[in-house]
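Student:
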Amino acid sequence: MCGRGCHRQETKEFPQNERYSSDVKNKPTYGIDSVDHALRLATILQQEGPLRVTEAAARLGVARSTAHRLLAMLVYRDFAEQDHDRRYVAGPILRAQPVTEPVTELRRIALPHLAILTTRTMETSNLMVLVGDQIRFVATAECDQVLRVGDREGRVLPAHLASGGRALLAALEPDVLRALFDKSKSGVTDADALLRSLRRIRRQGFALNEELTETGLTAIGCAVPESPKSLPAAISIAMPTARYQKDRLPEWVNLLAATAEAIARDLELAAASREEEGYGAGSTAARAGSRSGQLGG
4 MCGRGCHRQE
14 TKEFPQNERY
24 SSDVKNKPTY
34 GIDSVDHALR
44 LATILQQEGP
54 LRVTEAAARL
64 GVARSTAHRL
74 LAMLVYRDFA
84 EQDHDRRYVA
94 GPILRAQPVT
104 EPVTELRRIA
114 LPHLAILTTR
124 TMETSNLMVL
134 VGDQIRFVAT
144 AECDQVLRVG
154 DREGRVLPAH
164 LASGGRALLA
174 ALEPDVLRAL
184 FDKSKSGVTD
194 ADALLRSLRR
204 IRRQGFALNE
214 ELTETGLTAI
224 GCAVPESPKS
234 LPAAISIAMP
244 TARYQKDRLP
254 EWVNLLAATA
264 EAIARDLELA
274 AASREEEGYG
284 AGSTAARAGS
294 RSGQLGG
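Residue numbers for the sequence shown follow our numbering, so the first one is 4 and each next one is one higher.
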């Protein structure tokens, strides 16, 4: 009895077939003001530059406390950050380059391997790529433990602090590293110490992040073996520091290395398959052109 009535009421309040035109920019009938405010703030930061809390409140027409909460969430999700004057500026997400097709394929190929790694370690695993002096998380396989590291997909962190970022930087030549950090605002104050640390990481084949990026979080990272046609990437497992056990480090590193190699193999197979398809298509077109020339002659 209530079922049909409730269904009709739901259809009336939330019309499923209402369409929103990107040309006309109709405001949704049931828009969420907090989401709208956050998106407007992100747009202002990206296109117009720094904002103070009072300025953000005035632009949105909201209380200062509301503007502060909105900006705090943008900072938490890397859409904003604070400069030395405590103004809010565009964060790593708004400054980062867009995800490209190779990243999409990398994510597709790596996700099943991350899921297996998470099952074996019972910890959250991540895939990341290097973007300048930062790393961007492009995939996460979250574990199901009650106390766990959550989904990091889309987050951006300084490469020299994150475990996967350190593993990726360790593969670069020293002059490339110096040039990278000379031009960046990464906060690296001792380039020589960083280079020594990266040399050690290169020798041992993995990198450790012990609460460098987040209090209470420990992560172990390993670079995915590169080929000329692959995108530089790394994987990591992340766990609450309370669950990190140094005597299990060799076990975790072996699982990471095996997973990284499996991802690299699948990437090479995908690249070979694309080349074969391209060659086949080219040969077919050439044969068709040859037949056409014979008929025309």
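Beta carbons are placed, not taken as given, at the ideal position from N, Cα and C, and that holds for glycine.
I need the straight-line Cα distance from LEU179 to GLY64, nearest angstrom please.
Tutor: Locating residue 179 in the sequence shown gives position 176, counting from the first residue. Locating residue 64 in the sequence shown gives position 61, counting from the first residue. The question names Leu, but residue 179 in the sequence shown is Val. For VAL179 and GLY64, the distance between alpha carbons rounds to 47 Å.
Student: Can PRO228 and VAL132 be called in contact, C-beta distance under 8 Å?
Tutor: Within the sequence shown, residue 228 is the residue found at index 225, counting from 1. Within the sequence shown, residue 132 is the residue found at index 129, counting from 1. Going by C-beta atoms, PRO228 is not nearer than 8 Å to VAL132.
Student: What do you reckon, are the CB atoms on SER230 and GLU271 nearer than 8 Å?
Tutor: Counting from 1 along the sequence shown, the entry for residue 230 is found at position 227. Counting from 1 along the sequence shown, the entry for residue 271 is found at position 268. Yes.
Student: Give the range of the beta strand (DSSP E) segment to which MET131 is assigned.
Tutor: As a first step, residue 131 must be located in the sequence shown, where it is residue number 128. Taken as a continuous stretch (DSSP letters only), the beta strand (DSSP E) holding MET131 covers 127-134.
Student: Here's a check: name, in chain order, each residue in its chain whose Cβ is nearer than 7 Å to the Cβ of PHE82, leaving out the five neighbours to either side.
Tutor: On the sequence shown, position 79 is the one that residue 82 refers to. ALA45, GLY94, ILE96, LEU97.
Student: Looking at C-alpha atoms only, which residue of LEU130, HIS87, HIS116, GLU278 is the closest neighbour of LEU160?
Tutor: Against the sequence shown, residue 160 aligns to sequence position 157. Selected option, being the one with the closest Cα: LEU130.
Student: Can you tell which of ALA261, ARG139, LEU198 has the C-alpha that lies nearest to the C-alpha of ASP172?
Tutor: Counting from 1 along the sequence shown, the entry for residue 172 is found at position 169. Looking at the sequence provided, one finds Leu at residue 172 rather than Asp. The option with the nearest alpha carbon to LEU172 is LEU198.
Student: I'd like the span of the alpha helix (DSSP H) that includes GLU213, first residue to last.
Tutor: If you number the sequence shown from 1, residue 213 lands on position 210. That residue, GLU213, is in no alpha helix (DSSP H); its beta strand (DSSP E) goes 210-213.
Student: Of all the options LEU117, GLN137, THR221, which has the alpha carbon lying nearest to the alpha carbon of CYS146?
Tutor: Locating residue 146 in the sequence shown gives position 143, where the first residue counts as 1. Residue LEU117 is the option with its Cα nearest to CYS146.
Student: For GLY219, which of helix, strand or coil comes out of DSSP?
Tutor: By one-based count along the sequence shown, residue 219 stands at place 216. It is coil, neither helix nor strand.
Student: When the distance is taken between beta carbons, is VAL56 closer than 8 Å to LEU42?
Tutor: Taking the first residue of the sequence shown as 1, we reach residue 42 at position 39. Taking the first residue of the sequence shown as 1, we reach residue 56 at position 53. Result no, Cβ atoms of LEU42 and VAL56 do not sit closer than 8 Å.
Student: Express the C-alpha separation of ALA66 and ILE224 in angstroms, rounding to a whole number.
Tutor: By 1-based counting over the sequence shown, the position of residue 224 is 221. By 1-based counting over the sequence shown, the position of residue 66 is 63. One detail in the question is off: residue 224 reads as Gly in this sequence, not Ile. When rounded, the distance between both Cα atoms is 43 Å.
Student: What residues in its chain sit with their C-beta under 8 Å from that of GLU280, if we drop five residues either side in the sequence?
Tutor: What you label residue 280 is simply residue 277 of the sequence shown in a count that begins at 1. Closer than 8 Å at Cβ, skipping near neighbours: no residue.
Student: Where do the N-terminal and C-terminal ends of the alpha helix (DSSP H) with VAL159 fall, by residue?
Tutor: What you label residue 159 is simply residue 156 of the sequence shown in a count that begins at 1. Here VAL159 belongs to no alpha helix (DSSP H); instead the beta strand (DSSP E) covers 159-161.
Student: With distances taken Cα to Cα, identify the nearest neighbour of PRO243 among LEU109, THR127, VAL106.
Tutor: Residue numbering aside, residue 243 sits at position 240 when the sequence shown is read from its first letter. Of LEU109, THR127, VAL106, the residue nearest in Cα terms is THR127.
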